[in-house]
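S.K.: If you're matching positions, the sequence shown starts at 1 in full-length UniProt numbering and goes up one per residue.
Where is the CB? At the ideal position from N, CA and C, for every residue including glycine.
After the structure tokens below, expect a handful of questions from me.
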Amino acid sequence: MKNECFTADPSTSGNCVQMAAEVSQLLLVCCWRAHKHVSAILAWAVVKLCPRSILTAEDVHRIGDFYWLQLTECKHCGAFETAVEGFFSLCAYLWKNDDPSLPKPVEWLRQILDALDGKK
Numbered sequence: 001m002k003n004e005c006f007t008a009d010p011s012t013s014g015n016c017v018q019m020a021a022e023v024s025q026l027l028l029v030c031c032w033r034a035h036k037h038v039s040a041i042l043a044w045a046v047v048k049l050c051p052r053s054i055l056t057a058e059d060v061h062r063i064g065d066f067y068w069l070q071l072t073e074c075k076h077c078g079a080f081e082t083a084v085e086g087f088f089s090l091c092a093y094l095w096k097n098d099d100p101s102l103p104k105p106v107e108w109l110r111q112i113l114d115a116l117d118g119k120k
């Protein structure tokens, strides 16, 4: 931001408010785009790398944690939608896999139902 935004001159305050609004809007767009790309990269990793056993069980748990956080805390509709797509890919992979070290979608379902019931 420009130095005049930090002075007490009221004649420049309108410009500073406008600049702050533009910066905050740009920051929001950049965050949304970053989230969209991270979700897409993780979905790609699940689809392409999990079947080849390139990702560890810990990696898959961390991806699941990322999507869980996005789906339970995200307020931006577009960001939520991209997380849904990736979470769907992850669950599709996990439902077909019987590795006991991987997360189980049925446990996530129980957590969701408990949250809806007010238990958690």
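1. Between the C-alpha atoms of Q18 and W32, what's the straight-line distance to the nearest angstrom?
2. Would you call the CB atoms of P103 and L94 closer than 8 Å?
3. Measuring straight from C-alpha to C-alpha, what distance separates D114 and Q25?
4. Kindly indicate the opening and closing residues of the alpha helix (DSSP H) around T56.
5. Could you have a look at G118 and say whether DSSP puts it in helix, strand or coil?
6. Return the first residue and the last residue of the alpha helix (DSSP H) that C77 is part of.
7. Is P103 helix, strand or coil by DSSP?
8. Are there three or more Cβ pairs, one per stretch, closer than 8 Å when the segment 58-66 is compared with the segment 37-50?
M.R.: Reading from the atomic positions:
1. Position 18 of the sequence shown, counted from the first residue, corresponds to residue 18. Position 32 of the sequence shown, counted from the first residue, corresponds to residue 32. So the two alpha carbons sit approximately 21 Å from each other.
2. To locate residue 103, count along the sequence shown from 1; it is residue 103. To locate residue 94, count along the sequence shown from 1; it is residue 94. The answer is yes: Cβ separation under 8 Å.
3. Numbered from its first residue, the sequence shown carries residue 114 at position 114. Numbered from its first residue, the sequence shown carries residue 25 at position 25. Spanning the alpha carbons of D114 and Q25 requires a straight line of approximately 36 Å.
4. For the purposes of this step, residue 56 is identified with residue 56 of the sequence shown, where counting begins at 1. No alpha helix (DSSP H) holds T56; DSSP gives it neither H nor E.
5. For the purposes of this step, residue 118 is taken as residue 118 along the sequence shown, with counting starting at 1. When DSSP states are grouped into helix, strand and coil, G118 belongs to the coil group.
6. In the sequence shown, counting from the first residue as 1, residue 77 sits at position 77. In this chain, the alpha helix (DSSP H) harbouring C77 covers C77 to K96.
7. Sequence index remark: in the sequence shown, residue 103 carries index 103 (1-based). In the structure shown, P103 adopts coil according to DSSP, grouped into three states.
8. Yes, the segment 58-66 touches the segment 37-50.
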